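Report on the structure given below.
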Amino acid sequence: ELVQNLDYAQTFLEIAGAPQPKDMQGLSLVPLLKGEQPKDWRKEIYYHYYEYPSVHMIPRHYGIRTRRYKLMHFYQFGEQWEFYDLKNDPDEVSNIYGQKIHLKLQNRLKQRLKNLQFYYEDKSDISIRKDYFQKFWKKS
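One point on numbering: in this note's numbering, the residue at position 128 of the sequence shown is 1396, and numbering is uninterrupted.
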């Protein structure tokens, strides 16, 4: 199942018998730990990676991941998209973004990505410090 670290708090609260605040974004993992398959479990996850520069030196980006696909928008040094079929390419080696056969799915995931950003109220200014970070990226 698609789980995230933000699910831990909800899980611990449920195990402790404490109330789970409505404004928390995670889901309790207790049903999964019991071997149950909740019908309302998330079908995709949204993430926003903004820890550049850091040890991994991965540029800032956000994305959506389903069980099979992953769509990422790298915005820090210009517009770059990556799209992977995780069933056929689990190591994310072959970027299939822009391939005609996948355009319909790709556009549907882009819309879901926008919807999730709205849902999670991610109003990050993705243009912040773009010039500053450029000097660290791809230095020769």
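Heads up, the beta-carbon is just placed ideally off N, CA and C, and yes, glycines get one too.
The structure presented is a predicted model; accordingly, all values stated were derived computationally and were not measured.
Cβ-Cβ separation, residue j to residue i (assumed contact under 8 Å), whole Å
i, j, result
"Leu-1377", "Tyr-1337", "6 Å"
"Asp-1390", "His-1316", "6 Å"
"Gln-1288", "Gln-1278", "6 Å"
"Leu-1274", "Gly-1294", "4 Å"
Start-to-end residues for the alpha helix (DSSP H) that takes in residue i
i, result
"Lys-1338", "Per DSSP, Lys-1338 belongs to no alpha helix (DSSP H); it is in the beta strand (DSSP E), 1337-1342."
"Leu-1300", "1298-1301"
Endpoints, the beta strand (DSSP E) within which residue i is located
i, result
"Phe-1351", "1348-1353"
"Glu-1282", "Here Glu-1282 belongs to no beta strand (DSSP E); instead the alpha helix (DSSP H) covers 1275-1284."
"Gly-1331", "1329-1334"
Beta carbon of residue i nearer than 9 Å to that of residue j
i, j, result
"Ile-1326", "Leu-1381", "no"
"Tyr-1314", "Tyr-1365", "no"
"Leu-1270", "Trp-1309", "yes"
"Lys-1307", "Thr-1334", "no"
"Phe-1345", "Asn-1363", "no"
"Asp-1353", "His-1370", "yes"
"Tyr-1276", "Ser-1392", "no"
DSSP beta-bridge partners of residue i
i, result
"Ile-1313", "Arg-1333"
Closer than 8 Å: residue i CB and nearest the ligand ADP heavy atom
i, result
"Asn-1375", "No copy of the ligand ADP appears in this structure; indeed no ligand is present at all."
Q. Curious, which full-length beta strand (DSSP E) runs of at least 3 residues does the segment 1360-1392 contain?
A. none
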